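Novice: Be aware that the sequence shown starts at 2, since it is given in my numbering, and climbs by one per residue.
Backbone N, C-alpha and C fix where the C-beta goes; we use that ideal spot for every residue, glycine too.
A quick note: this is a predicted structure, and the numbers were derived from the prediction, not measured.
Here you go, one structure.
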Amino acid sequence: MAALPADPLFGGHLLEGQVHPGPASYDHTGRRFVFVPAAGDTGHYALDVERRDVALDVQTVSMLAKIAPDITPLQAWTQIEVLAKLLDTPAHLILRLGLRCDPRIEIGTPPSASHWISIGRIRDAADG
Numbered sequence: 002m003a004a005l006p007a008d009p010l011f012g013g014h015l016l017e018g019q020v021h022p023g024p025a026s027y028d029h030t031g032r033r034f035v036f037v038p039a040a041g042d043t044g045h046y047a048l049d050v051e052r053r054d055v056a057l058d059v060q061t062v063s064m065l066a067k068i069a070p071d072i073t074p075l076q077a078w079t080q081i082e083v084l085a086k087l088l089d090t091p092a093h094l095i096l097r098l099g100l101r102c103d104p105r106i107e108i109g110t111p112p113s114a115s116h117w118i119s120i121g122r123i124r125d126a127a128d129g
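In structure tokens form, the structure reads like this:
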């Protein structure tokens, strides 16, 4: 199982492999990634991973560019998927609402040369 660098926002690690439990995502080739929070971190997390070479259709690119003009369409898509997972809401509804985020949600995008990665955490009332 390959470990990628620690996530700069949340401090955990993104692992590639089929065994470890935790919030997971598969890229379009079937590679599995899982986020393992830092020791003692009990936050509720979600993960989405997309290879940088995935081609999106023109209509999807156009829609994503409108709601998130400052980031690439695939990066926007990974953030939408993370929001959908954290809010237990279908991604198409998040697309309609845009990336206006619940203030309890933080999303980080750790660097990767091969993938767009988004990791999100929703804070509960106990987190402040």
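Per DSSP, what are the beta-bridge partners of R33 in this structure?
Specialist: BP columns for R33 point to Y27.
Novice: Cβ atoms of V20 and A47: under 8 Å apart, would you say?
Specialist: No, Cβ-Cβ distance for A47 and V20 is not below 8 Å.
Novice: In angstroms with no decimal places, state the Cα-to-Cα distance between H57 and D89.
Specialist: For the record, residue 57 in the displayed sequence is Leu; it is not His. Approximately 24 Å, taken between the alpha carbons.
Novice: Relative to the C-alpha of V107, which candidate in W117, Q80, I72 has its C-alpha closest?
Specialist: The amino acid at residue 107 is misidentified as Val; the sequence shows Glu. Looking at the Cα atoms, Q80 is the closest of the given residues.
Novice: Give the DSSP-derived three-state secondary structure of A47 in the structure shown.
Specialist: Three-state DSSP puts A47 in a strand.
Novice: Between S26 and the rest of its own chain, which residues show a CB-CB distance below 6 Å, the 5 nearest in sequence each way excluded?
Specialist: The answer, listed in chain order, is F34, L48, D49, V50.
Novice: So L16 is in the beta strand (DSSP E); what residue range does that whole segment cover?
Specialist: From DSSP, the beta strand (DSSP E) with L16 extends over 14 to 17.
Novice: What three-state label does DSSP hand I72 in the structure shown?
Specialist: Residue state, collapsed to three classes: coil.
Novice: Helix, strand or coil: which one does DSSP assign to S119?
Specialist: It is a strand residue.
Novice: What number of angstroms, rounded off, separates the C-alpha of R53 from the C-alpha of S115?
Specialist: Going from the Cα of R53 to the Cα of S115 covers about 6 Å.
Novice: Report the option in L10, R32, D8 whose CA atom is closest to the CA atom of E17.
Specialist: Ranking L10, R32, D8 by Cα distance to E17 puts R32 first.
Novice: Starting from R97, trace the alpha helix (DSSP H) in both directions and tell me its first and last residue.
Specialist: Unbroken alpha helix (DSSP H) run through R97: 92 to 98.
Novice: Report the option in G109, R124, I123 whose CA atom is closest to the CA atom of H14.
Specialist: For the residues G109, R124, I123, the minimum Cα distance to H14 belongs to G109.
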